[in-house]
Ligand code: GLV
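Residue numbers (the numbering used here): 1 to 324.
Right, here's the structure in full:
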């Protein structure tokens, strides 16, 4: 009998086919495994798990997975997995770094433009039949060119956004746990801000690209929002809880900042009611990596980690394993 793999949601078919060539694969119905109970109930039957970031892979899920050898997250972030608990149980954990950098970086630039040029307000105006004559003062926005983008988290995606923003004529500053190499700073002509406050006070656009950890929870709170100027646009394609949404909604409604583009939310998939009505706000349902090619590459990379572990490869041969 071949090993059993649980893929918690329907994903790109080529990935499922690749796993099915070697294993018995079950694919969960959309949303089924967004709660712990369903996972705890079903996990004992599986040798490998390919979860989504919406699945809470808690310590209880991990201990219930008595046959589990590998968890390969269908995401680069892995804040949904209790990695410590998995490693304690000798279960390998993998993520998907690298393959979604371009897709997320492009999407981030798209959100910046959508907010700064008011694309969706303009579409609504048009569809509401309000476009009766061309107005020279209609929908005046802000250009990216010549403005400063502050990037928080200068990993792969942050750097990818910086490269694109520089090509569009933006000045780059950044904050990161540690400075990037002098070569990258030089390439991007990027200045380092030693604090988030310093970055927030000098940026017209701020884009978040840090992982969600205890240290980054509510990194953008009312104190940081207060430092931003009334034109500043905040973009979040990282993780919702990095931003205190209550404080952000307050700043947007009071127009103490210029706008926000949010692809991720604090209590995903729920939307903070005050964000629904906030002005100059573009909201999308966590789709920064959602291009066909990228979602296929994410799935294949996760599948490779599963195959590697189930075939008995050593951890050093599987590049996308999370090291303890
Ligand atoms: C998406 O949010 C990811 O972490 O891959």
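Note that beta-carbon positions come from the ideal geometry of N, C-alpha and C, so glycine has one too. Keep in mind that this is a model prediction, so the values were computed, not measured.
- Residue pairing by DSSP places residue 190 opposite 172 in a beta bridge.
- Within the stretch 106 to 173, the complete beta strand (DSSP E) runs of at least 3 residues fall at 148 to 152.
- When DSSP assignments are scanned along the stretch 231 to 316, the uninterrupted stretches of beta strand (DSSP E) that are 3 or more residues long and fall wholly within it turn out to be 233 to 236, 259 to 262 and 281 to 283.
- Bridge pairing for residue 24: 4 [DSSP].
- Within 7 Å of the C-beta of residue 289 there is at least one heavy atom belonging to ligand 1.
- Between ligand 1 and residue 305, a heavy atom-to-CB distance of less than 7 Å is absent.
- For the pair residue 259 and residue 283, the Cα-to-Cα distance works out to about 11 Å.
- In this structure, the CA atom of residue 184 is about 24 Å from the CA atom of residue 111.
- Per DSSP, the beta-bridge partners of residue 93 are 71.
- A contact is defined here as three or more CB-CB pairs under 8 Å, and the stretch 80 to 96 fails this definition with respect to the stretch 228 to 235.
- Proximity to residue 179 across 191, 171 and 249 peaks at 191, based on C-alpha coordinates.
- Within 10 angstroms of the beta-carbon of residue 37 lie fewer than 16 other beta-carbons, which makes it exposed.
- Excluding the 5 residues flanking it on each side, residue 22 has no same chain C-beta neighbour closer than 6 Å.
- Selection around ligand 1 by beta-carbon proximity, strictly under 5 Å to any non-hydrogen atom, yields 75, 76 and 77 in chain order.
- With contacts defined as CB atoms closer than 8 Å, residue 172 and residue 162 qualify as a contacting pair.
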